[in-house]
Every structure is written in structure tokens, then in C-alpha cells.
Amino acid sequence: MKETVLETYGLTKYYGGTLALDHMDLKIPRGCICGFVGRNAAGKTTAIKLMLGLLKPTDGSAKLLGCDSQNLTPAIRQRIGYVTEGHRLFRWMSIANLEKFQRAFFPKQWDDSFFAEMIEYFELPKNKKIKHLSNGQRAQVSLALALAPNPELLVMDDPTLGLDAAIRRQFLEGMIQLIMQQGRTVFFSSHILGDVERVSDRIVVIDKGVIRADCSLEQFREAVKKVKLSFSDCPPARLDIEGLLYCRRSEKELELILIGTDDEKIKQWADSAAAIKYSIVKMNLEDQFIEFTAPPNHKKLFQWEKN
Amino acid sequence: MALWIQILPGLDKPIYAQIVAQISENVAKGELSPGDKLPAVRKLAAELVINPNTVARAYNVLEQAGLVTTKTGSGTFISDPKLRTTDAADINMLAERMDTIITRGINLGLKSGDLVVMFKKRLEKFANRQKSGKKKK
Numbered sequence: 023m024k025e026t027v028l029e030t031y032g033l034t035k036y037y038g039g040t041l042a043l044d045h046m047d048l049k050i051p052r053g054c055i056c057g058f059v060g061r062n063a064a065g066k067t068t069a070i071k072l073m074l075g076l077l078k079p080t081d082g083s084a085k086l087l088g089c090d091s092q093n094l095t096p097a098i099r100q101r102i103g104y105v106t107e108g109h110r111l112f113r114w115m116s117i118a119n120l121e122k123f124q125r126a127f128f129p130k131q132w133d134d135s136f137f138a139e140m141i142e143y144f145e146l147p148k149n150k151k152i153k154h155l156s157n158g159q160r161a162q163v164s165l166a167l168a169l170a171p172n173p174e175l176l177v178m179d180d181p182t183l184g185l186d187a188a189i190r191r192q193f194l195e196g197m198i199q200l201i202m203q204q205g206r207t208v209f210f211s212s213h214i215l216g217d218v219e220r221v222s223d224r225i226v227v228i229d230k231g232v233i234r235a236d237c238s239l240e241q242f243r244e245a246v247k248k249v250k251l252s253f254s255d256c257p258p259a260r261l262d263i264e265g266l267l268y269c270r271r272s273e274k275e276l277e278l279i280l281i282g283t284d285d286e287k288i289k290q291w292a293d294s295a296a297a298i299k300y301s302i303v304k305m306n307l308e309d310q311f312i313e314f315t316a317p318p319n320h321k322k323l324f325q326w327e328k329n
Numbered sequence: 171m172a173l174w175i176q177i178l179p180g181l182d183k184p185i186y187a188q189i190v191a192q193i194s195e196n197v198a199k200g201e202l203s204p205g206d207k208l209p210a211v212r213k214l215a216a217e218l219v220i221n222p223n224t225v226a227r228a229y230n231v232l233e234q235a236g237l238v239t240t241k242t243g244s245g246t247f248i249s250d251p252k253l254r255t256t257d258a259a260d261i262n263m264l265a266e267r268m269d270t271i272i273t274r275g276i277n278l279g280l281k282s283g284d285l286v287v288m289f290k291k292r293l294e295k296f297a298n299r300q301k302s303g304k305k306k307k
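Residue numbers (my numbering), protein chains in the order written: chain A, 23 to 329; chain B, 171 to 307.
Take a look at the structure:
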């Protein structure tokens, strides 16, 4: 078993009476890029803030690089990079001043020339104040600040939100460059599943504050399946198929969302249920995510069918 | 080396499988010959902006299929065709893919004779390309 760099144990957070995160257990091994996906308000930002010790959990705990999140020492913090949602930087500082400020937190490992290279590559005006930069430029500064100390663990909260395709790609390149070094780990949340698929080898899916998947991306891709079946008469009432997440019924058809059921078993079940036709629907990561996090009795919004 | 791989996230085909398919196609067309070296895992990962483990996984699948061999320390090479094993499951999958083409053909109103002629023509074209691909070396 690989060493874990990020762990949570029953991590729970209430805001007043609202449950934002419900007993989250996570184990992220060293050396991976982990995509953290979930719908809006699923609890991603809360989870990230709890992991970094920026919020107090109602219950449970988290560990970063083996150290409790609520008691992170400066020495541990120096090994962690964090990019906030919306790239919140001190607006009154110039890029040069911000670098000086940030460097002070990472006295041993700040890479001046790497930072300078990135600022030059992004064609950013070093002496301009943050408040006079565009959103995209601010994101680029934030990326440079996060990578310059060469962090062992980089945590990013929806870093590419609202960015154009070119800047998004720069973030992906940054992650790949970092991970090429021995023992680096990246944990990032995103709504852009094409990006997640591109760079991640691990995926964590959260829905309504509950962790629904924590596995390799490949496992997730292979496991989530959608099967359509049609029947000459009413579909069977009892669906005793292994791995059933939920089903949608219509008069003579069934749509099953299955987890980890192999194709041979699906075929056997379709035969035994006397389906006249069945097919395993091809899905990309986005389709899989939507089906996986769909509510159990989910109906399509724009679907006016007679029942 | 004339190895161009194009990655499209968002397809139903996983990224590692896209790499496997494209390298296999390059080998079949003779654009990659036995002994040719594949780019290093990290180099290809950086170039395509994808996770290095995804590239490693693709190379692994290719190795299991016998299409490439990895020599520790020196890299991954296209293997000698004589050493490749053919898997019954692979052949089965190929047969199933032919079914899709046959269905399309019949839906277009073609007869089986037409399809056979078409298939032969494509084979000839492929063989010609294979020859010219090898000549370039």
C-alpha cells in the first residue's frame, strides 16, 4: 500500500442546521493527480477548507502529510500549496510584491527563476497591481505562486472556473509538470470533466456532502454503466441484478444504471428477464458523472411523456 | 519519428485506449516498424498534457498484446511480429466490429458481393500504403 498524503476520518461539517459534509472518509495516495468532482453545493469547498484546517469540523478529522489539519505546523504548511476558489489574492499588491510576500512563507524552496519564467511566459506585467489585472491574469499569478515553492501536495479549489481554454490548459500543464517530479501529489476540484479525465488518474465523487466514489479514474470509467432494455410486455417488477444503482421505468422499457456489473452478467440477466432487446449505452465521463449523481427517481426536465 | 497521437477527452473511449488504438493503427499501417522506439512515458505525457500513468497504462496494454516490448533502462520498442501472440478474444472483437460495417452496408442497400469487393479493394490500398510506409525508412 502506497503512503497516503491526504486522509480524512468521518469528517463532518454543519453550518447551523445544514449538513454540508457527512462523515467523509478519504485516502489519497502519494504520487497521483486526483480530480474532486461534485455538483454545485455538493460540499467540495467545505471539504477542502476542512482538510487545510481553514474551518473547524463539527466532527471527525483530517490529516495532511501525516499531520492533523487543525494543528498544521509551519514546517508542514511549507510543503503544501493551496489555490483558493476565485484566486483570491491581495488586491493592493503588485505581482512583484506578492511574490516577495509569498516567498517569505517558503524560505527554503522558493524557486525565483521558475516564478520569473512563468510570469514572463504568461506575459504578465510584474509591477502592475493585482486589482488591475484581468481574471485570467490573476489566475495565472495564482498558478505561478502555487508552483514556485514546488509543493509536495498541491490542493486547488476549482482553479479553472471561468477561465478560457488556453489558460485552463496552462493549469493542466502545470499539474503535469509538478507530478513528473517524484512524490508530488495534486488534489483539485473542477466541473470540467474533460480536464479531469485528461490529467487525473484518481477521482473522488461527492454528492450532497457524501463521498460516492474514491477510486482510480479507470475503475470509475469501467464501473458505471447504463443499460437499456425493451420488453414485449411490462418490465419485471423485481430487479435482482447485481450492482443496481437505480432504474427508470416506462411502459415497455427499462433503463438501469449499474455499478461494476460485468457485461456477461448483464447479458444473462437480460435473457432471464425475457428482454426482447438490450444494449449497453456508451458513455463518456460526463455522462457517467450525471447518471451516477442523478437522484433515484430522476426524470428528465424536458420530457413530456404520457404515463 | 512520425508518431502523431491525438487525444480527445470526452469520448466514450478512455484516453489510454485512444493511445492504444492509434499506436496499433500506426503499426498495422507500417508507419511504425519493428524496432522503432516509442517516446518515453513522461515525454509523451507532457506533450499530450495527460497523466503519465495513463501513458504507462497504454504501453502496458500494448505490451500485453505483444505489440511492443519494454527493455528496462532503454525504453519501449515495437516488437517483432513473429513474437506476437494472437488472442481469441481479440479476433472475436474484430469480428464484432465487422458486423457494424456489414449492418451499415446492408442499410445502404449493398449486397454481400458488393461488400466483399469493397473489402478487397480496401485491403489492396492498405497493402500499398504499408509498402510505401516501409520504403520511407
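Every residue gets a Cβ at the ideal spot worked out from N, C-alpha and C, and that includes glycine.
Residue j and residue i - do their beta-carbons sit closer together than 8 Å?
| i | j | result |
| --- | --- | --- |
| residue 31 of chain A | residue 47 of chain A | yes |
| residue 304 of chain A | residue 260 of chain B | no |
| residue 102 of chain A | residue 177 of chain A | yes |
| residue 263 of chain A | residue 278 of chain A | yes |
| residue 211 of chain A | residue 59 of chain A | yes |
| residue 239 of chain A | residue 292 of chain A | no |
| residue 213 of chain B | residue 245 of chain B | no |
| residue 87 of chain A | residue 27 of chain A | yes |
| residue 214 of chain A | residue 219 of chain B | no |
| residue 132 of chain A | residue 171 of chain A | yes |
| residue 202 of chain A | residue 216 of chain B | yes |
| residue 231 of chain A | residue 84 of chain A | no |
| residue 196 of chain A | residue 169 of chain A | yes |
| residue 190 of chain A | residue 217 of chain A | yes |
| residue 52 of chain A | residue 182 of chain A | no |
| residue 225 of chain B | residue 189 of chain B | yes |
| residue 249 of chain A | residue 300 of chain A | yes |
| residue 111 of chain A | residue 160 of chain A | yes |
Going by other Cβ atoms of all chains shown within 10 Å of its Cβ, with 16 needed for buried, is residue i buried or exposed?
| i | result |
| --- | --- |
| residue 306 of chain B | The predicted position of residue 306 of chain B is uncertain, since its pLDDT is 49 and thus under 50; no value can be drawn from it. |
| residue 221 of chain B | buried |
| residue 147 of chain A | exposed |
| residue 273 of chain A | exposed |
| residue 236 of chain A | buried |
| residue 185 of chain A | buried |
| residue 92 of chain A | exposed |
| residue 256 of chain A | exposed |
| residue 270 of chain B | exposed |
| residue 123 of chain A | exposed |
| residue 196 of chain B | buried |
| residue 229 of chain B | buried |
| residue 251 of chain B | exposed |
For residue i, list the residues DSSP reports as bridge partners.
| i | result |
| --- | --- |
| residue 55 of chain A | A:208 |
| residue 247 of chain B | B:207 and B:239 |
| residue 178 of chain A | A:105 and A:210 |
| residue 31 of chain A | A:83 |
| residue 229 of chain A | A:232 |
| residue 218 of chain A | Answer is none; residue 218 of chain A lacks a bridge partner. |
| residue 49 of chain A | A:29 |
| residue 281 of chain A | A:246 |
| residue 224 of chain A | A:56 and A:238 |
| residue 252 of chain A | A:275 and A:299 |
| residue 90 of chain A | A:85 |
| residue 151 of chain A | A:116 |
Indicate the three-state DSSP secondary structure (helix, strand or coil) for residue i in the structure shown.
| i | result |
| --- | --- |
| residue 181 of chain B | coil |
| residue 304 of chain A | coil |
| residue 259 of chain A | coil |
| residue 219 of chain B | coil |
| residue 113 of chain A | coil |
| residue 25 of chain A | coil |
| residue 183 of chain A | coil |
| residue 40 of chain A | strand |
| residue 238 of chain A | strand |
| residue 267 of chain A | strand |
| residue 271 of chain B | helix |
| residue 325 of chain B | The structure shown has nothing for residue 325 of chain B, since chain B only spans 171 to 307. |
| residue 194 of chain A | helix |
| residue 133 of chain A | coil |
| residue 290 of chain B | helix |
| residue 263 of chain B | helix |
Are any of the Cβ atoms in chain C nearer than 8 Å to that of residue i?
| i | result |
| --- | --- |
| residue 57 of chain A | Within the model displayed, chain C is absent; protein chains A and B are what it includes. |
State yes or no: is the C-beta of residue i nearer than 7 Å to some heavy atom of the ligand NAD?
| i | result |
| --- | --- |
| residue 271 of chain A | In the structure on display, the ligand NAD does not appear, and there are no ligands present to speak of. |
- [ ] Give, in chain order, every residue of the segment 203 to 224 of chain B whose Cβ lies closer than 8 Å to some Cβ of chain A.
- [x] So the close ones are 212, 215, 216, 219, 220, 221, 222, 223 and 224.
- [ ] Using a Cβ-Cβ cut-off of less than 8 Å, give me the residues of the segment 171 to 183 of chain B that come near chain A, in sequence order.
- [x] Residues of the segment 171 to 183 of chain B that bring their beta carbon within less than 8 Å of a beta carbon in chain A comprise 177, 179, 180, 181 and 182, in sequence order.
Task: Members of the segment 188 to 202 of chain A near chain B, C-beta cut-off 8 Å - done: Within the segment 188 to 202 of chain A, the residues whose Cβ lies closer than 8 Å to some Cβ of chain B are 191, 194, 195, 198, 199, 201 and 202, listed in chain order.
- [ ] Using a Cβ-Cβ cut-off of less than 8 Å, give me the residues of the segment 207 to 231 of chain A that come near chain B, in sequence order.
- [x] Cβ contacts with chain B come from 215, 216, 217, 219, 220, 221, 222 and 223.
- [ ] Determine which residues of the segment 183 to 196 of chain B have a Cβ less than 9 Å from any Cβ of chain A, and write them out in chain order.
- [x] Result list: 183, 184, 185 and 186.
Task: Contact list for the segment 231 to 254 of chain A against chain B, Cβ threshold 9 Å - done: Residues of the segment 231 to 254 of chain A with a C-beta less than 9 Å from any C-beta of chain B: 238, 239, 240, 243 and 244, listed in chain order.
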